[in-house]
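Chemist: Line order of the protein sequences matches chains U and A.
No gaps in the numbering here: position 166 of the first sequence is 166 in the numbering used here, and each next residue is one more.
No gaps in the numbering here: position 102 of the second sequence is 102 in the numbering used here, and each next residue is one more.
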Amino acid sequence: MITEKARERLKSIGIVAEKARSQVNNIGVVETRYFSFDELMLESGEKFGPVTVAYETYGELNRNKRNAILIAHALSGDAHAAGVHAGQNNRGWWDEMIGPGKAFNTNRYFVICANVLGGCKGSTGPSSQNPKTGKPYALEFPLITIGDMVECQKRLIDHLGIDSLLAVAGGSMGGMQVLSWLVKYPAKVRSALPIATAARHSPQQIAFNEVGRQAIMADSHWNSGNYYSEALPAKGLAVARMIGHITYMSDVSMAEKFGRQKKNSGQPFKFIDYFEVEGYLRYRGNSFVRRFDANSYLYLTKAMDNFDVSQERPLQDVLNGIDAKVLVIAFKSDWLYPAYQSKEIARACKLSGIEATYCEIDSTYGHDAFLLEFEQETHLVSHFLKKVFFEYEVTGSYDV
Amino acid sequence: MTYENIRIDHRVILELVEPRSTVLDLGCGEGELLYILIKEKNVRGQGIEIDDRAIYKCVEKGLNVFHGDIDSGLSEFSDKSLDYVILNQSLQQLKHVDSVLNDALRVGKNVIVGFPNFAYYKSRLQIFFRGKTPVTGSMPYQWYETPNLHFLSISDFINYCRLKKVNIKKSIYLNEKGNISLLPNLFAQTGIYLISS
Chain U
1 MITEKARERL KSIGIVAEKA RSQVNNIGVV ETRYFSFDEL MLESGEKFGP
51 VTVAYETYGE LNRNKRNAIL IAHALSGDAH AAGVHAGQNN RGWWDEMIGP
101 GKAFNTNRYF VICANVLGGC KGSTGPSSQN PKTGKPYALE FPLITIGDMV
151 ECQKRLIDHL GIDSLLAVAG GSMGGMQVLS WLVKYPAKVR SALPIATAAR
201 HSPQQIAFNE VGRQAIMADS HWNSGNYYSE ALPAKGLAVA RMIGHITYMS
251 DVSMAEKFGR QKKNSGQPFK FIDYFEVEGY LRYRGNSFVR RFDANSYLYL
301 TKAMDNFDVS QERPLQDVLN GIDAKVLVIA FKSDWLYPAY QSKEIARACK
351 LSGIEATYCE IDSTYGHDAF LLEFEQETHL VSHFLKKVFF EYEVTGSYDV
Chain A
1 MTYENIRIDH RVILELVEPR STVLDLGCGE GELLYILIKE KNVRGQGIEI
51 DDRAIYKCVE KGLNVFHGDI DSGLSEFSDK SLDYVILNQS LQQLKHVDSV
101 LNDALRVGKN VIVGFPNFAY YKSRLQIFFR GKTPVTGSMP YQWYETPNLH
151 FLSISDFINY CRLKKVNIKK SIYLNEKGNI SLLPNLFAQT GIYLISS
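1. State yes or no: is the C-beta of S78 of chain A within less than 8 Å of the C-beta of L298 of chain U?
2. Assuming the contact rule is C-beta atoms closer than 8 Å, L371 of chain U and W93 of chain U should be a hit. Round their C-beta distance to whole Å, please.
3. Could you tell me the alpha carbon to alpha carbon distance between N88 of chain U and E31 of chain U, rounded to whole angstroms?
4. In the DSSP assignment, find the unbroken alpha helix (DSSP H) run with E276 of chain U in it and report its ends.
5. Within 8 Å (strictly less), CB to CB, does Y227 of chain U reach chain A?
6. May I ask which residues mark the beginning and end of the alpha helix (DSSP H) holding Y248 of chain U?
7. In whole angstroms, what separates the C-alpha of Y208 of chain A from that of F104 of chain U?
8. Once the 5 residues before and after Q92 of chain A are set aside, which same chain residues still bring their CB inside 8 Å of it?
9. Closest Cβ-Cβ distance between K350 of chain U and chain A: below 8 Å?
10. Please report the Cβ distance between V150 of chain U and Q177 of chain U, rounded to the nearest whole angstrom; I am assuming they are in contact, meaning their Cβ atoms lie under 8 Å.
11. Rounding to the nearest angstrom, what Cα-Cα distance links A324 of chain U and D273 of chain U in this structure?
12. Excluding sequence positions up to five away, which residues of its chain have a Cβ less than 6 Å from the Cβ of L139 of chain U?
13. Closer than 8 Å by C-beta to E377 of chain U: which residues in its own chain qualify, once you throw out the five before and the five after it? Chain order, please.
14. Can at least three beta-carbon pairs, one atom from the stretch 121–136 of chain U and one from the stretch 15–28 of chain A, be found at a separation below 8 Å?
15. Just to confirm the assignment, what range does the beta strand (DSSP E) spanning L26 of chain A have?
16. Give me whichever residues DSSP pairs with N179 of chain A in a beta bridge.
17. Quick check on S196 of chain A - is its C-beta less than 8 Å from some C-beta in chain U?
18. For a minimum of 4 consecutive residues, which ranges assigned as the alpha helix (DSSP H) are wholly contained in the stretch 28–54 of chain A?
19. Around the C-beta of W181 of chain U, are 16 or more other C-beta atoms found within 10 angstroms, so that it is buried, or is it exposed?
20. Going along chain U, which residues have a C-beta under 9 Å from V85 of chain A?
21. Would F275 of chain U and R260 of chain U be called neighbours here (beta carbons separated by less than 8 Å)?
22. Are the CB atoms of A169 of chain U and L193 of chain U nearer to each other than 8 Å?
23. Could you give the DSSP three-state label for N209 of chain U: helix, strand or coil?
24. Quick check: what's the CA-CA separation for T395 of chain U versus W335 of chain U?
25. With respect to the beta strand (DSSP E) encompassing S191 of chain U, which residues constitute its N-terminal and C-terminal limits?
26. Going along chain A in order, which residues have a C-beta closer than 8 Å to the C-beta of E355 of chain U?
27. When you compare only the Cα positions, how much space is there between S181 of chain A and T190 of chain A?
28. Taking C-alpha atoms, which residue in U:D308, U:A72, U:H367, U:V388 lies nearest to K154 of chain U?
29. If we call anything under 8 Å between Cβ atoms a contact, is D293 of chain U one with C113 of chain U?
30. Would you mind telling me which residues of chain U sit closer than 9 Å to E15 of chain A, beta carbon to beta carbon, in chain order?
31. Taking all protein chains shown into account, decide if Y248 of chain U is buried (16 or more other Cβ within 10 angstroms of its Cβ) or exposed.
32. By how many angstroms is the C-alpha of E49 of chain A removed from the C-alpha of L24 of chain A?
33. Would you tell me roughly how many angstroms separate the C-alpha atoms of K80 of chain A and G137 of chain A, rounded to the nearest one?
34. Quick check: is the beta carbon of V394 of chain U nearer than 8 Å to any beta carbon in chain A?
35. Would you say V166 of chain A and I192 of chain A are within 8 Å of each other, going by their C-beta atoms?
36. Around the Cβ of S382 of chain U, are there at least 16 other Cβ atoms within 10 angstroms (buried) or fewer (exposed)?
Right, dumping it as structure tokens:
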């Protein structure tokens, strides 16, 4: 209990308000946990191990264990999808969507998010120590696939004692994992929510990833991946991230955010970050270097490029006979993962007899929209999940 | 829910559809008709709708909907894969009526079409005496804001079916008060047809 005066003072510095909000809507303090296993058979046929999976969970698993939802993160994401870590204040990457009363309502569902294999946020990846050499794997790390990431998640949910998932959801690379789950483990997935994603990369998507990889590999500090005890390929990774950010935004969202505003009043031709947009890209590039591993960037983008959920067959062929409900979401201004790719997924679902809903959210944010348009996403996701969870055909109480 | 609360055209369609059949509603709007069909007839229903807000309402009801343009075709459905394809009050708003109807007849064993009759006598009177584009209960829009692209009459549709060798299995004519049978091209506000290829 605090005095009114102290409360006012705390309010003025934002602590009380923050606390009150976290009680109502947010999960609060969360912790990353780790699960390890000895060996994994990769899709390439190679055996790899040991593997550690970093993960977080939110909410409680119910008695019949049928309320578990797996969230799959995108390229630069991690297991920290919601809440805050003790002593820190950065919220998880999908905090707006996961929590009590939110789209992924933790009062009702048990939500799991794991860092992908090949990542650099606690799960085994190229920056992890190779037990055979005592040094980081670097390029000794095997080529991994989206399916291998899913295999690790499958081991994790087995470990958590979950037989079937109420839903698997994710955007971008996360959406690829969702599709892979659907095809690899159809009996374990009761619903799937692929968001702003593709069944396979188009040449344009591969091309952007390749430019990012080339930027990293052109950095002399990259040193064929062996940079862990020396200077990092910071410039290369920053450029890769800058390219990424351009593709995640749209013409309109860039114009709205930056216009032609100038960051510096100096001479325009001195190659400083003269425009706001230049400053933003430099800032984003540089801050990415501090939190992401360049080799992980190479491996993960390669996994995305190599992904083809139907292995060159028609998509509907691999979806045939699957008894899951699917909600496909795309965004109008997303030109990196254009809506036609999501439509193709929804169409294939229909052709194979899967109950599917497709929605194209009207947004100007480009590909970033899946992390930003949470109001519309919340509406779609929460109603869709309710239908799957309560197993109804249409709502009972609806007044026509 | 009582039948009295249901829109009159919806009530007619509800009676046309066999229980536990599969239904695709083209231009399903907020999904009222689909909802009733699922509730009352246990159909397996899905819809296609172009309007964002209507899609959100459909998802709220628990319906399976595809956000898109009917005019771009029904490639996601194989031949005769559905018992009913419904085009209720959406036909006159399509760009490519002929190709959409062909596609509907291809994927559906039956097609239900409902549209406002442009030759309704009140419309005729408005044109004849006032010299104005008619505004009626079934076509309540001013010329500058109407979503309707085509203005067809009961006779036009019957001729179309004859020309394209489309089989009319049932026809129901409605005015504001209910069913009518006398001189439908003059007295019906709305025509509802059960057709097949």
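Even for Gly, the Cβ is constructed at its ideal location relative to N, Cα and C.
No experiment lies behind these values; they were computed from the predicted model shown.
Modeler: Reading it off the structure:
1. Taking the second sequence and counting its residues from 1, the one referred to as residue 78 of chain A is at position 78. Taking the first sequence and counting its residues from 1, the one referred to as residue 298 of chain U is at position 298. Contact: no.
2. Residue numbering aside, residue 371 of chain U sits at position 371 when the first sequence is read from its first letter. Residue numbering aside, residue 93 of chain U sits at position 93 when the first sequence is read from its first letter. With 8 Å as the limit, L371 of chain U and W93 of chain U qualify as a contact, their Cβ atoms being about 7 Å apart.
3. Position 88 of the first sequence holds residue 88 of chain U. Position 31 of the first sequence holds residue 31 of chain U. Note on residue identity: the sequence assigns Gln, not Asn, to residue 88 of chain U. Looking at the two C-alpha atoms, the distance is approximately 11 Å.
4. Position 276 of the first sequence, counting from 1, holds the residue named residue 276 of chain U. Counted as a single uninterrupted DSSP element, the alpha helix (DSSP H) harbouring E276 of chain U occupies residues 276–291.
5. Position 227 of the first sequence, counted from the start, is the residue given in the question as residue 227 of chain U. Closer than 8 Å: no.
6. For this step, residue 248 of chain U is matched to residue 248 along the first sequence. Run containing Y248 of chain U: 234–248, per the alpha helix (DSSP H) assignment.
7. No answer is possible for residue 208 of chain A: it lies beyond the span of chain A, which begins at 1 and ends at 197.
8. For the purposes of this step, residue 92 of chain A is taken as residue 92 along the second sequence, with counting starting at 1. Result list for Q92 of chain A: F115, P116, N148, L149, H150, F151, L152, in chain order.
9. As a working note, residue 350 of chain U is residue 350 in the first sequence. When Cβ-Cβ separations below 8 Å define contact, K350 of chain U makes contact with chain A.
10. Translated into the one-based positions of the first sequence, residue 150 of chain U becomes position 150. Translated into the one-based positions of the first sequence, residue 177 of chain U becomes position 177. Contact check for V150 of chain U and Q177 of chain U: beta-carbon distance about 6 Å, within the 8 Å limit, so the pair qualifies.
11. As a first step, residue 324 of chain U must be located in the first sequence, where it is residue number 324. As a first step, residue 273 of chain U must be located in the first sequence, where it is residue number 273. C-alpha separation (whole angstroms): 50 Å.
12. Within the first sequence, residue 139 of chain U is the residue found at index 139, counting from 1. Counting only Cβ-Cβ distances below 6 Å, and skipping sequence neighbours, we find G225.
13. Along the first sequence, read from residue 1 onward, the residue named residue 377 of chain U stands at position 377. M97, A103, I195, I329, I361, F370, listed in sequence order.
14. Touching, no, given that fewer than three Cβ pairs across the two stretches are closer than 8 Å.
15. Residue mapping note: residue 26 of chain A aligns to position 26 of the second sequence, counting from 1. Boundaries of the beta strand (DSSP E) around L26 of chain A: 22–26.
16. Taking the second sequence and counting its residues from 1, one reaches residue 179 of chain A at position 179. Looking at the DSSP output, N179 of chain A sits in a beta bridge with A:L174.
17. Here the question's residue 196 of chain A lines up with position 196 in the second sequence. Taking Cβ atoms only, chain U never reaches closer than 8 Å to S196 of chain A, which makes this a no.
18. Counting whole runs of 4 or more residues, the stretch 28–54 of chain A contains the alpha helix (DSSP H) stretches 32–41.
19. Within the first sequence, residue 181 of chain U is the residue found at index 181, counting from 1. By the 10 Å Cβ count, W181 of chain U comes out buried.
20. Start at 1 with the first residue of the second sequence, and residue 85 of chain A comes out as number 85. Contact of V85 of chain A with chain U by beta-carbon distance below 9 Å is absent, the smallest such distance being about 13 Å.
21. One-based indexing of the first sequence puts residue 275 of chain U at position 275. One-based indexing of the first sequence puts residue 260 of chain U at position 260. Going by C-beta atoms, F275 of chain U is nearer than 8 Å to R260 of chain U.
22. As a first step, residue 169 of chain U is located in the first sequence; it is residue number 169 there, counting from the start. As a first step, residue 193 of chain U is located in the first sequence; it is residue number 193 there, counting from the start. Note that the C-beta distance between A169 of chain U and L193 of chain U is below 8 Å.
23. Walking along the first sequence from the start, residue 209 of chain U turns up at place 209. Correct three-state label for N209 of chain U: helix.
24. Within the first sequence, the letter at position 395 stands for residue 395 of chain U. Within the first sequence, the letter at position 335 stands for residue 335 of chain U. Going from the Cα of T395 of chain U to the Cα of W335 of chain U covers about 35 Å.
25. Taking the first sequence and counting its residues from 1, one reaches residue 191 of chain U at position 191. Boundaries of the beta strand (DSSP E) harbouring S191 of chain U: 191–195, taken from the DSSP string.
26. Along the first sequence, read from residue 1 onward, the residue named residue 355 of chain U stands at position 355. One finds Q46, N64 in chain A with Cβ atoms closer than 8 Å to the Cβ of E355 of chain U, taken in chain order.
27. On the second sequence, position 181 is the one that residue 181 of chain A refers to. On the second sequence, position 190 is the one that residue 190 of chain A refers to. Straight-line measurement puts the Cα of T190 of chain A at about 12 Å from the Cα of S181 of chain A.
28. By one-based count along the first sequence, residue 154 of chain U stands at place 154. The residue from U:D308, U:A72, U:H367, U:V388 with its alpha-carbon nearest to that of K154 of chain U is U:A72.
29. Here residue 293 of chain U is taken as the residue at index 293 of the first sequence, counted from 1. Here residue 113 of chain U is taken as the residue at index 113 of the first sequence, counted from 1. The Cβ-Cβ distance between D293 of chain U and C113 of chain U does not fall below 8 Å.
30. For this step, residue 15 of chain A is matched to residue 15 along the second sequence. Neighbours of E15 of chain A on chain U: none; closest Cβ ~16 Å, over 9 Å.
31. By 1-based counting over the first sequence, the position of residue 248 of chain U is 248. Result: buried.
32. As a position in the second sequence, residue 24 of chain A is number 24, starting the count at 1. As a position in the second sequence, residue 49 of chain A is number 49, starting the count at 1. Separation of L24 of chain A and E49 of chain A (C-alpha to C-alpha, rounded to the nearest whole angstrom) is 11 Å.
33. Indexing the second sequence from 1 puts residue 80 of chain A at position 80. Indexing the second sequence from 1 puts residue 137 of chain A at position 137. Taking the straight line from one Cα to the other gives about 35 Å.
34. Here residue 394 of chain U is taken as the residue at index 394 of the first sequence, counted from 1. Answer yes: the Cβ-Cβ gap between V394 of chain U and chain A drops below 8 Å somewhere.
35. For the purposes of this step, residue 166 of chain A is taken as the residue at position 166 of the second sequence. For the purposes of this step, residue 192 of chain A is taken as the residue at position 192 of the second sequence. The answer is no: Cβ separation not under 8 Å.
36. Translated into the one-based positions of the first sequence, residue 382 of chain U becomes position 382. Buried.
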